[in-house]
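Worksheet: one structure, shown below.
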Amino acid sequence: MNIFVRSLGVGIHQILLKLQPNYECTLESLVGLIETPPQQEMGDYAFPCFALAKVFRKAPAQIANELMLALQDNFNESNLFESFSSLGPYLNVKVNSSEMAKQVLPEVHNGNWFSKNSLEQKTRVMIEFSQPNTHKGFHVGHCRNVALGDSLVRLFRYNGYQVIAANYIGDVGTHIAKCLWYYQEKNNEVPPSVRKGEWLGELYTASTLALESQTGPEKEETQKKISALLAKLEEKEPQITQIWEETRNWSLEDFDQIYSWLGTEFDHVFYESEVDEEGKQLVIQGAEDGLFQRSDGAIGVDLNDEKLGFFLLLKSDGNTLYSTKDLALAKRKFEEFGIERSIYVVGAEQTLHFQQVFATLKKMGYEQASRCFHLPYALVVLPEGKMSSRAGNVILFSKLQQEMCDFVRNNYLESHRESWSDEEIQSTTRKVAVAAIKYGMLNQDPNKQITFSLKDWLVSEGDTGVYLIYAYVRIRSIVRQFENFDPHAEIDFELLKHSHEKALIRKLFDFNDIVYQAAEQYRPSLLARTLFELCKDFSRCYSSCSVKHAESKDLQLARLNLFSAVAATLSTGLNLLGIEPPERM
RNA sequence: GCGCCCAUAGCUCAACUGGAUAGAGCAACUGACUUCUAAUCAGUAGGUUCCAGGUUCAAGUCCUGGUGGGCGCGCCA
431 MNIFVRSLGV GIHQILLKLQ PNYECTLESL VGLIETPPQQ EMGDYAFPCF ALAKVFRKAP
491 AQIANELMLA LQDNFNESNL FESFSSLGPY LNVKVNSSEM AKQVLPEVHN GNWFSKNSLE
551 QKTRVMIEFS QPNTHKGFHV GHCRNVALGD SLVRLFRYNG YQVIAANYIG DVGTHIAKCL
611 WYYQEKNNEV PPSVRKGEWL GELYTASTLA LESQTGPEKE ETQKKISALL AKLEEKEPQI
671 TQIWEETRNW SLEDFDQIYS WLGTEFDHVF YESEVDEEGK QLVIQGAEDG LFQRSDGAIG
731 VDLNDEKLGF FLLLKSDGNT LYSTKDLALA KRKFEEFGIE RSIYVVGAEQ TLHFQQVFAT
791 LKKMGYEQAS RCFHLPYALV VLPEGKMSSR AGNVILFSKL QQEMCDFVRN NYLESHRESW
851 SDEEIQSTTR KVAVAAIKYG MLNQDPNKQI TFSLKDWLVS EGDTGVYLIY AYVRIRSIVR
911 QFENFDPHAE IDFELLKHSH EKALIRKLFD FNDIVYQAAE QYRPSLLART LFELCKDFSR
971 CYSSCSVKHA ESKDLQLARL NLFSAVAATL STGLNLLGIE PPERM
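The working numbering puts the first residue of the first sequence at 431, with every later residue one more than the last.
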């Protein structure tokens, strides 16, 4: 809570107590009512008086009016507030914006502002995300997961949590047997020299199609071959294991390239293959202990008490399931990493699965189960419907990457070819493309579907990541023109009185609150939206408050100070979304 | 059949978790580059917030019942 809100709350509290000494109301609950008016002209903060009407037996508007008069009196010595007014049932307050600027601008420039949220030491949390399958293609849907998970890692860290960013790679299972069956028996192509993992994904799709087109005895034959192959994989038969290792690496190399291009890093990578056996033992032990039940030759756990049905943990052929591995994975997370909180960023279609996993962990005696959290997110769909590899309309990540880069380079950056180095063109292309992709993935709530249209995503106008980094670039361009600008020099904050300047000051002032909320609510979209608004305010200010043509040297300095604080905040905020703005574009 | 999620401008989305006249972007139309980067800005137009009830000072937001769409509900992940 900031000083303006707190002072206002204390003031209102005192006045109300004076009005009615036996009035029971905590300061916190009053402060909780303070909000921001819908329009800037109304004021910076507002206090709605509806709730007081009953207690004080007066019309809300009358209370607002009385509060206004009393507050004017109360704060007449203070320089925090500029004015109090009542508008119907609302008490509106304008803060002294130079006072606000004084609180935030110097702190931004000396860096303290951005470490405020991390001051108190918080818990150790693991955020698991991405979880790609080897031997399958990496498409734009997977990209949403990476953008979300990566941003949450950054947000939690900013807020002082000790975060372990974890990946969990699906390198075992039926899909691999399918892919390798096709690779060994049907494939005639020579593996490409690059993006071999993606090529494996094509084989997997081809395999699925081949299997679907088959019927009768032929199909049975194939299915037999595939399960035999799976069995060999499970028992680590040397020849197939060698092929598995080689092809698995192709996919892992692809993933590394993707993560590196996106600027995503993991502190730890789990593989399904390493928790497979442990999971099996856990489940068998659980069955012996009577915790789990046998049913039709398989093992599962009865969760009917929690209305979660019967949760299957081990197949009747003794092979593991997704659930088997998730139990062992959780055990390792708790025991080897000592985490207190565990976040799983996984698609919404698995909501029931994770409710079951967490309930099972609880039954197994892990008290951390109550602090496990599944963050569900909705699918990325195409305008014509769901992506499906069968319909052949999956948009692979590499395609998005390629087209985005080509578009950015050909339409904008190519024109700098003569004055920029090839290296700068290349790195700027990447930064712009990443900004467009990540912002597109993050600017709406996780629980809403994203309708992905390549055509729309290539547009770089309006509410896009490109708009945000463009605003940053414009500020950097201004600052470059004032070589000896010193952000620590004394300035006269009183000069920043244009409404556009005030709007910017307020946005900077609220930045940390938003970042805090974005993490606690698992919604990077809150930050994305705020940054868009910050840029909108900046672009307005840019066209109305020139630095170069400022009326005085002092105003010029003050604006430079404000704008460069905007750039610093923008850069910090973008970074929390996993976006790195270029210095020029 | 049961459970979860979604429904707001022509399209894609907001709305500080119950508060003021429901806001942005795209698309359409009008205007602004001899100006710190026009990947921009200013403006016009666009709404029965899916429907029907209910809760209260106040409902896009909460509760009930529908409609439409998505997903899930034991040997996939």
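Just so it is clear, CB atoms sit at the ideal spot from N, CA and C, and this is done for glycine as well.
Every value quoted in this text rests on a predicted model; they were computed, and no experiment measured them.
Residue interval of the beta strand (DSSP E) (run including residue i)
i: residue 620; result: Here residue 620 belongs to no beta strand (DSSP E), and DSSP marks it neither H nor E.
i: residue 776; result: 771 to 777
i: residue 832; result: Unbroken run through residue 832 is the alpha helix (DSSP H), 827 to 841; no beta strand (DSSP E).
i: residue 518; result: Looking at the DSSP string, residue 518 is not in any beta strand (DSSP E), and its letter there is neither H nor E.
i: residue 730; result: 728 to 732
i: residue 807; result: 802 to 807
Rounded straight-line distance, which links the Cα of residue j to that of residue i
i: residue 673; j: residue 679; result: 10 Å
i: residue 709; j: residue 698; result: 19 Å
i: residue 795; j: residue 561; result: 26 Å
i: residue 977; j: residue 898; result: 20 Å
i: residue 849; j: residue 675; result: 47 Å
i: residue 544; j: residue 870; result: 25 Å
i: residue 793; j: residue 574; result: 33 Å
i: residue 693; j: residue 538; result: 25 Å
i: residue 550; j: residue 586; result: 13 Å
i: residue 933; j: residue 636; result: 56 Å
i: residue 940; j: residue 470; result: 14 Å
i: residue 975; j: residue 686; result: 45 Å
i: residue 828; j: residue 853; result: 21 Å
i: residue 784; j: residue 536; result: 46 Å
i: residue 779; j: residue 901; result: 38 Å
i: residue 986; j: residue 923; result: 11 Å
i: residue 646; j: residue 746; result: 24 Å
i: residue 1008; j: residue 732; result: 42 Å
i: residue 652; j: residue 847; result: 55 Å
i: residue 831; j: residue 1002; result: 24 Å
Rounded Cβ spacing between residue i and residue j (contact assumed at less than 8 Å)
i: residue 475; j: residue 438; result: 6 Å
i: residue 666; j: residue 638; result: With a Cβ gap of about 25 Å, residue 666 and residue 638 do not count as contacting.
i: residue 1053; j: residue 605; result: Since the displayed the chain opens at 431 and closes at 1015, residue 1053 lies outside it and no answer follows.
i: residue 527; j: residue 935; result: 6 Å
i: residue 582; j: residue 952; result: 6 Å
i: residue 588; j: residue 1000; result: Going by Cβ atoms, the distance from residue 588 to residue 1000 rounds to 15 Å, so no, they are not a contact pair.
i: residue 450; j: residue 486; result: 6 Å
i: residue 801; j: residue 903; result: About 42 Å; that fails the 8 Å criterion.
i: residue 713; j: residue 756; result: 11 Å between Cβ atoms; not a contact.
i: residue 677; j: residue 630; result: 6 Å
Strand pairing of residue i, partner residues [DSSP]
i: residue 525; result: 511
i: residue 599; result: 701
i: residue 975; result: None; residue 975 has no bridge partner.
i: residue 812; result: 815
i: residue 475; result: 523
i: residue 606; result: According to DSSP, which records beta bridges pairwise, residue 606 is partnered with nothing at all.
i: residue 593; result: 555
i: residue 859; result: None, per the DSSP bridge assignment.
i: residue 563; result: 600
i: residue 465; result: 476
Unbroken alpha helix (DSSP H) run spanning residue i, endpoints
i: residue 741; result: Where residue 741 is concerned, there is no enclosing alpha helix (DSSP H), although the beta strand (DSSP E) it sits in stretches over 740 to 744.
i: residue 1009; result: Per DSSP, residue 1009 belongs to no alpha helix (DSSP H) and is neither H nor E.
i: residue 724; result: It is not in any alpha helix (DSSP H) - residue 724 instead sits in the beta strand (DSSP E) that spans 723 to 725.
i: residue 557; result: Segment 554 to 558 is the beta strand (DSSP E) holding residue 557; no alpha helix (DSSP H) there.
i: residue 783; result: 781 to 793
i: residue 886; result: 884 to 887
i: residue 544; result: Looking at the DSSP string, residue 544 is not in any alpha helix (DSSP H), and its letter there is neither H nor E.
i: residue 684; result: 668 to 692
i: residue 573; result: 570 to 588
i: residue 635; result: 626 to 643
i: residue 754; result: 752 to 767
i: residue 1015; result: Taken as a continuous stretch (DSSP letters only), residue 1015 belongs to no alpha helix (DSSP H), as it is neither H nor E.
i: residue 909; result: 895 to 910
i: residue 486; result: 482 to 486
i: residue 650; result: 646 to 664
Just checking, does the stretch 507 to 519 make contact with the stretch 471 to 481 on the three C-beta pairs under 8 Å criterion? Using a C-beta cut-off of 8 Å, the stretch 507 to 519 makes contact with the stretch 471 to 481, since at least three inter-stretch Cβ pairs fall below that distance.
Touch check for the stretch 834 to 854 and the stretch 584 to 595: three-plus C-beta pairs under 8 Å? No, the stretch 834 to 854 does not touch the stretch 584 to 595.
Please confirm if the stretch 984 to 1003 is in contact with the stretch 896 to 912, defined as three or more CB-CB distances below 8 Å between the two stretches. Yes, the stretch 984 to 1003 is in contact with the stretch 896 to 912.
Would the stretch 707 to 725 and the stretch 765 to 783 be scored as touching if the rule is three or more Cβ pairs under 8 Å? No, the stretch 707 to 725 does not touch the stretch 765 to 783.
Taking three-plus beta-carbon pairs below 8 Å as touching, is the stretch 501 to 516 in contact with the stretch 547 to 559? In short, these stretches do not touch, since the Cβ pair count stays below three.
Three Cβ pairs or more, each shorter than 8 Å: is that satisfied between the stretch 807 to 816 and the stretch 876 to 885? The stretch 807 to 816 vs the stretch 876 to 885: in contact.
Counting beta carbon pairs with one atom in the stretch 651 to 659 and one in the stretch 522 to 541, are three or more of them shorter than 8 Å? Judged by Cβ distances under 8 Å, the stretch 522 to 541 makes no contact with the stretch 651 to 659, as fewer than three pairs qualify.
Are the stretch 753 to 768 and the stretch 701 to 716 in contact at 8 Å, needing three or more beta carbon pairs? These segments touch.
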